[in-house]
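Peer 1: Below is a structure I'd like to ask you about.
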Amino acid sequence: MIAGLPIAFASPMILSALILLPAIWWLLRLTPPKPQSELFPPLAILARIIKREETPARSPWWLTLLRLAMAALVIIAMSGPVLNPREARLTGEGPVALIIDNGWASAAQWESRLETARMLIDEAEAANRPVVLVETAGGPGQDTRPVSASQARSLLESLPARPLKPSHQLAAELARVLVRDHNPGSLFFLSDGLLREDTAEFAAAFAGAPGTKTVINADAKDIVALVDVRNDPDALTGTIERVASGVPALVTIEAFDSKGLPLARQPVSFDAGSAQAQFRLEQPVELRNQIARINVVENRNAGSVQLLDDRFRRRLVGLLSGEGADQSQPLLAPLYYISKALSPFSDIRNSTSPNIAEAVPQLLAQDVSAIVLADVGNLPEDAQKALTDWVQKGGTLIRFAGPRLAASGDDPLLPVKLRLGDRNLGGALSWETPKAVAPFERGSPFFGIEAPKEVSVKRQVLALQDGDLDRKTWAVLEDGTPLVTAEKRASGWIVLFHVGSDAEWSNLPISGTFVEMLRRVVSQSQSSGASDGDAPTVTLPPLSILNGSGDLLPPDISVKPLQVGAQLAPVVSVDNPPGLYGTEDGFISLNLFKGGETLNQIDLSLFANGTSVAAYASDNAFNMAPWLLAFAALLMTLDCLAVLWIAGVLRPKLAGATAAAALIAAILLVLPVPQSNAQTAPAAETDFSAALTTRLAFVETGDSEVDRISRAGMVGLTRYLSSRTALEPGEPVGLDLSKDELAFFPVIYWPISMSAPLPDNATMARVDAFMKQGGTVLFDTRDQATGVLGGTSGSPEAQRLRLILSGLDIPPLQPVPPDHVLTKSFYLLSAFPGRYSGGELWVEQQINDSDAGAVRPARAGDGVSAILITSNDLAAAWAIDDAGEAILPVVSQDFMQREMSYRTGVNIMMYAMTGNYKADQVHIPALLERLGQ
Amino acid sequence: MSPPIGSAAPRETGRETLARARARAALIPDLLVEARKVAGNVYAGWHGRRKRGIGEDFWQFRPYVAGENMAAIDWRRSARDDHVYVRDREWQASHMVWLWVDESPSMLFKSQQAKVAKQSRSLVLAFALAELLARSGERLGWLGVSPPIVSRHAAERLGEALLVAPAQSDFPSAHEVRSHCDVILISDFLQQDGDLEARLRQFARQGARGHLVQIADPAEQLFPYSGRVEFMDPETGNKLTAGNARGLKAEYEALFVSHVAKIRTLAAGLGWSHTLHRTDHLASQALASLHVHLTQDRGTR
């Protein structure tokens, strides 16, 4: 340890080598770098100046200095300097007691805690003292007998950071037992830096012990805990706690679904001085319902994780109507719009019975979260009682007005008292016009929804004026009359829409706002837990358990089943650590924090004066040797550059680039190589889009003119197909056969170009595989030579094609016979013209063609010809420019030829897409004939 | 280490005469072709003598003056009216021009910035001039290589003569040169100054008009060296080491300029022209400037 500087050396003797530096200086000065040799004819002119120039026989001073620094650095590095070295702490005699906070807050720095404990055990071993290991989160019944240091070490290595809150009350008891029974000579408390309820008690017990007492304290300022998550109507909200600090902080929360896929991510910031931050995950309710886990990204511990269970899932909503279900006019049925509006975010249960007295118990038995009563006036007494009980236990009753409700008298299951009869706005006998909805006020659950302008209310039921009517009102009309009122009954809600649930009284039910309003109302209802009140105590097996770092793992053998009952709230303990309990089909989550907790830095003044305080040493003990060596390597690189520069190698124009490259190389050499996280390359973007949309594809020959026409042709055919058929292909793609994945394309158009290189064997193997797997390749020799494959007198393109095809497994071919499916697959065609009209279209010969004797109306060959060959230059006929005009003229007198060529393309596409489906068409004459008989 | 900036273009030793002949035979047709190309550019501005005299081309008809040779009368023209005319021809007397190209080792120097070695560029210039002069029927000689010849193909013939002649590494003697001829000397003029002046005065004493073309490599003028450099003279083999070559640049450049100025002064003192040409510039630049000097001389005569 050097005075004033927190640096210690592992082997200080090596530093004496620094004496050699002057010798090195002297040596270095003697060896100048070798000069660059240059021819120079006007030497006589130069000689006049150089005579006066002092040729340096020695290295420049700065180069020598650089090299000396390098040598000094290496010498210092070899002596093993350590910044902030650890100090030996163990003094006294007798057993050494380590009391370790191994709760959730230690998890992030667990390794450093272990390191410190290891060091203490090492020192104890050196002093031959027994060790006691006590964990504050380990639960009661811990063994406080001292064991040998080596035993203690193995105990330490198996000690986990538990996903629990450390109990300092327990720690106090253990400390007292320890002092009473074993009289430890040194006590160490390895704190996680947080204040607990019973820390004062523990501190007293700790400080009261004889021997030396040390608190090793950690800074808790980085610890955050996700203490609470609530599923509010419009967002998932939560609270994050930290130790109050004057520094603002930014953390990120992440939400995952049950399979561990991320669903949302949001930064949350703590203001300076605040210990609490709120977050809102404003996700669609469908997505929110899938969230199974929320955690703070920065802090990997069990306290920053909240597991969500069914309480956050979709609500079960029961529907009941006063009107008989008239299925013949569904749009007029009272429940129609409600069920449409609810179905995106809830599961709907309709009652099977038209009798309300039967239907209500039926729905309640299904544990619905909310029940919608559409225009139900008088409820049977039993049903009313059952509903009242249910609401008081947390059910949400949503009622819609209607003629029956308006006519019914006093109903206890309404949030407000109603006037008898309804109010008619804008009718024949009314001066008033239909009213629009006023903007939703702050405090209403609907606040934030845009008030619908298009909605007008023609009839409504009116609430009797009452002292707390305003408080109960969630939405009002323009004139201030309530539109939606609600009242909380015990833990449940009764919500009344003062309009009907169909479009008769107002057009609210057919507006988008209605969906949003129902969503908020239903989201406010409790989930199925409503009927848990008198559920019997159940025992749930552990499903998966959080470890200290907040990872969800299969439970180990020490985890016991969880007892859950009406009066038995589940408690986190050593036996029941946080996690999921139950089965895959139904489970409850047990979280470390339930809301309301706060975090505070431990108060060291609680410990008495005899206690010394230290920090976790390994937190910042820093071995400087690798960095010094790295710096020396950097200097060496600089030295190389300097030597090169002196030798004149790095000319001015090259100097920048070369130096930069050398520096980068040096830095790469010097820096530790980060672990490669490279993954296998994901499928190409184009592959995704190709897989999603059917596209026309053509082979890029490399001949730009051919490719341009091919692309334009594919665009033309794509437009034609989209306008005439049900097939709407996407943007055409040009394919590089040797690289691109072919499997996504039904047909590949392959124009033969003499300038294109012959595809190699690997490429042809891909094409072969494509054809074997059901793809079709349309070859176009574009030469109008009839009888492409016949004879030896083919055109160059035909010979080229023959050369290409020699690498393929090609069945026998034939010109399209008149009864082939291709002639009928969409249009009825007798020829397949393109830009030219003379050439034949060749297809695979049908295998059963050989038995010529059999009379068959059609060739219902299974599958599609894998190869089509034409010479008519189809793409040139299809090709259109941006304006949709044909690019090339067709070579014919027939003005229909272009249309026919498009039809050819359509037939080929349909043939490739539908296969022999259209072969049936050719049976029609035979079928008709048979019918005639 | 990067390659050095300057290098010596291939140079043959005396023992390998055969290889040398072949190498130069390969070089010269190229140079001739290039010279033709360059000459074609300049020829348009090259006018004839613009005087009557002995020649082949028609110049003018003028009335016959008594006493003249009757054979000179153009009878066809005279038959058109009552006067008798004489057909004058344009004077096409040929002029004597001596060429010489320095081929000393320093001329083989070529730096990275230059396109060709100095010797190569000099030969191109010389052959281009020969091509131009031969077209206007001048008599062309190559000092120490070939006696004067009058031919449309003088350039080729000079080239052939150069094939068999020894390399012209020494400054030529002036004994072949007569008065009223032009001498074109192409060299880098890096010889000892006193020696050069004496030689040039010899030419002047013979009554010749001289044109000095000083060829310089860009590296010689701009001094693009930096760092620690050992310089070697290709002629003498002397070596000099500069500790920081970049620091010498400004001083060297000034010295080189004064060296060029000295040659120029020398030429001006003799009434000769002087052209500085750098091998990274176009050959036609030097050619055009030479052309100006040659025609100016004719104008003053």
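Chains as they are written, first to last, in my numbering: chain P, 627 to 1559; chain E, 284 to 584.
A virtual CB, placed ideally from N, CA and C, is assigned to each residue, including glycine.
As the structure is a computational prediction, the values presented were derived from the model and not from experiment.
Using 8 Å as the threshold, is the C-beta distance between I1120(P) and L1040(P) below it?
Peer 2: Cβ distance < 8 Å, so I1120(P) and L1040(P) count as in contact.
Peer 1: Does the separation of the CB atoms of K791(P) and A829(P) fall below 8 Å?
Peer 2: Taking 8 Å as the Cβ cut-off, K791(P) and A829(P) do not qualify as a contacting pair.
Peer 1: Select from T840(P), K1043(P), A797(P), R926(P) the residue whose C-alpha is nearest the C-alpha of V877(P).
Peer 2: The shortest Cα separation from V877(P) among T840(P), K1043(P), A797(P), R926(P) belongs to R926(P).
Peer 1: Can the beta-carbon of G1174(P) be found less than 8 Å from the beta-carbon of W730(P)?
Peer 2: Yes, the Cβ-Cβ distance between G1174(P) and W730(P) is below 8 Å.
Peer 1: Does any CB atom of chain P fall closer than 8 Å to the CB of G289(E)?
Peer 2: Yes, G289(E) counts as interfacial toward chain P.
Peer 1: I'd like to confirm the pairing. Which residues does DSSP put opposite Y368(E) in its beta bridges?
Peer 2: The partner list for Y368(E) (beta bridge, DSSP) reads P346(E).
Peer 1: Within its chain, find whatever has a CB closer than 8 Å to the CB of G1510(P); leave out the 5 residues flanking it on each side and keep chain order.
Peer 2: Counting only Cβ-Cβ distances below 8 Å, and skipping sequence neighbours, we find R1345.
Peer 1: Strictly below 8 Å CB to CB, what residues from chain E border R926(P)?
Peer 2: Per Cβ cutoff of 8 Å: no residues; R926(P) is ~53 Å from chain E at best.
Peer 1: If the criterion is Cβ atoms closer than 8 Å, does the pair V1017(P) and R1115(P) meet it?
Peer 2: Yes, the pair counts as a contact, with Cβ atoms nearer than the cut-off.
Peer 1: A566(E): buried (16+ other C-beta within 10 angstroms of its C-beta) or exposed?
Peer 2: Buried, by the Cβ-count rule.
Peer 1: Is it buried or exposed for I645(P), if we count other Cβ within 10 angstroms and need 16 for buried?
Peer 2: Looking at its Cβ environment, which holds fewer than 16 other Cβ atoms inside 10 Å, I645(P) is exposed.
Peer 1: Excluding sequence positions up to five away, which residues of its chain have a Cβ less than 8 Å from the Cβ of P1444(P)?
Peer 2: Answer for P1444(P): S1456, listed in chain order.
Peer 1: Suppose contacts are defined by Cβ-Cβ distances below 8 Å. Is L1088(P) in contact with L1044(P) by that definition?
Peer 2: For L1088(P) and L1044(P), yes; Cβs fall inside 8 Å.
Peer 1: Can you tell me whether V1239(P) is buried or exposed? The criterion is at least 16 other CB atoms within 10 Å of its CB, across all chains shown.
Peer 2: So V1239(P) ends up on the exposed side.
Peer 1: Count the other CB atoms, across all protein chains shown, that sit within 10 Å of the CB of A991(P); report buried if there are 16 or more and exposed otherwise.
Peer 2: Flag for A991(P) reads exposed.
Peer 1: Going straight from the alpha carbon of E867(P) to that of G765(P), what length do you get?
Peer 2: Taking the straight line joining both Cα atoms gives about 25 Å.
Peer 1: Going along the chain, which residues of its own chain have a beta-carbon closer than 7 Å to the beta-carbon of V589(P), five neighbours each way excluded?
Peer 2: Because chain P is modelled from 627 through 1559, residue 589(P) falls outside the range shown and cannot be assessed.
Peer 1: Leaving out five residues before and five after S884(P) in sequence, what residues of the same chain have Cβ atoms less than 6 Å from its Cβ?
Peer 2: Contacts found: A918.
Peer 1: Name the chain P residues that come within less than 8 Å of Q515(E), Cβ to Cβ?
Peer 2: According to the sequence displayed, residue 515(E) carries Met and not Gln. Simply S663, E664, L665, F666, L669.
Peer 1: Can you check the stretch 751–803 of chain P for any beta strand (DSSP E) of at least 3 residues that lies completely inside it and give the ranges in chain order?
Peer 2: Segments of the beta strand (DSSP E) lying fully in the stretch 751–803 of chain P: 757–761.
Peer 1: Between the stretch 466–488 of chain E and chain P, which residues of the former have a C-beta closer than 7 Å to a C-beta of the latter?
Peer 2: Against chain P - using a Cβ distance shorter than 7 Å - the residues of the stretch 466–488 of chain E are D471, L473.
Peer 1: Taking the runs of the beta strand (DSSP E) that are 3 residues or longer, which of them lie wholly in the stretch 1342–1413 of chain P?
Peer 2: DSSP runs (the beta strand (DSSP E)) wholly in the stretch 1342–1413 of chain P: 1356–1361, 1373–1377, 1402–1406.
Peer 1: For W383(E), count neighbouring C-beta atoms within 10 Å of its own C-beta (all shown protein chains included) and say buried if the count is 16 or more, exposed if not.
Peer 2: With 16 or more other Cβ atoms within 10 Å, it is buried.
Peer 1: For R525(E) and chain P, any beta-carbon pair shorter than 8 Å?
Peer 2: The displayed chain sequence assigns Ala, not Arg, to residue 525(E). Judged by the 8 Å Cβ criterion, A525(E) is in contact with chain P.
Peer 1: Between L672(P) and chain E, is the shortest Cβ-Cβ distance under 8 Å, so that the two count as touching?
Peer 2: L672(P) counts as touching chain E.
Peer 1: Which ranges would you report for the alpha helix (DSSP H) in the stretch 415–492 of chain E if only whole runs of at least 4 residues count?
Peer 2: Listed in chain order, the complete alpha helix (DSSP H) runs (minimum 4 residues) inside the stretch 415–492 of chain E are 437–447, 476–488.
Peer 1: For H494(E), which residues in chain P fall below 7 Å Cβ to Cβ?
Peer 2: Simply none; closest approach about 22 Å.
Peer 1: On the DSSP bridge assignment, give the partners of H557(E) in chain order.
Peer 2: BP columns for H557(E) point to L495(E).
Peer 1: Is V1442(P) closer than 8 Å to L1467(P) when the C-beta atoms are compared?
Peer 2: Cβ atoms of L1467(P) and V1442(P): closer than 8 Å.
Peer 1: How long is the line joining the alpha carbons of V758(P) and P1203(P), rounded to whole angstroms?
Peer 2: Answer to the nearest angstrom: the Cα atoms are 25 Å apart.
Peer 1: Looking at A959(P) and the ligand MN, is the gap between the Cβ and the nearest heavy atom below 7 Å?
Peer 2: Although the ligand MN was asked about, the structure shown includes no ligands whatsoever.
Peer 1: N521(E) CB to nearest chain P CB: under 8 Å?
Peer 2: Yes, contact with chain P.
Peer 1: Checking contacts by CB at 8 Å: is R305(E) closer than that to chain P?
Peer 2: With a pLDDT of only 42 at R305(E), under 50, the local geometry of the prediction cannot be trusted, and the value read off the model is given with reservation. Output row for R305(E): interface = no.
Peer 1: Considering only the alpha carbon of each residue, which of R1334(P), S1336(P), E1326(P) lies closest to L1361(P)?
Peer 2: Ranking R1334(P), S1336(P), E1326(P) by Cα distance to L1361(P) puts E1326(P) first.
Peer 1: In chain order, which continuous runs of the beta strand (DSSP E) of length 3 or greater are located wholly inside the stretch 1196–1277 of chain P?
Peer 2: Complete beta strand (DSSP E) runs here, min 3: 1205–1208, 1213–1216, 1237–1241.
Peer 1: Would you say E386(E) lies against chain P (beta-carbon separation less than 8 Å)?
Peer 2: No, its Cβ sits nowhere closer than 8 Å to a Cβ of chain P.
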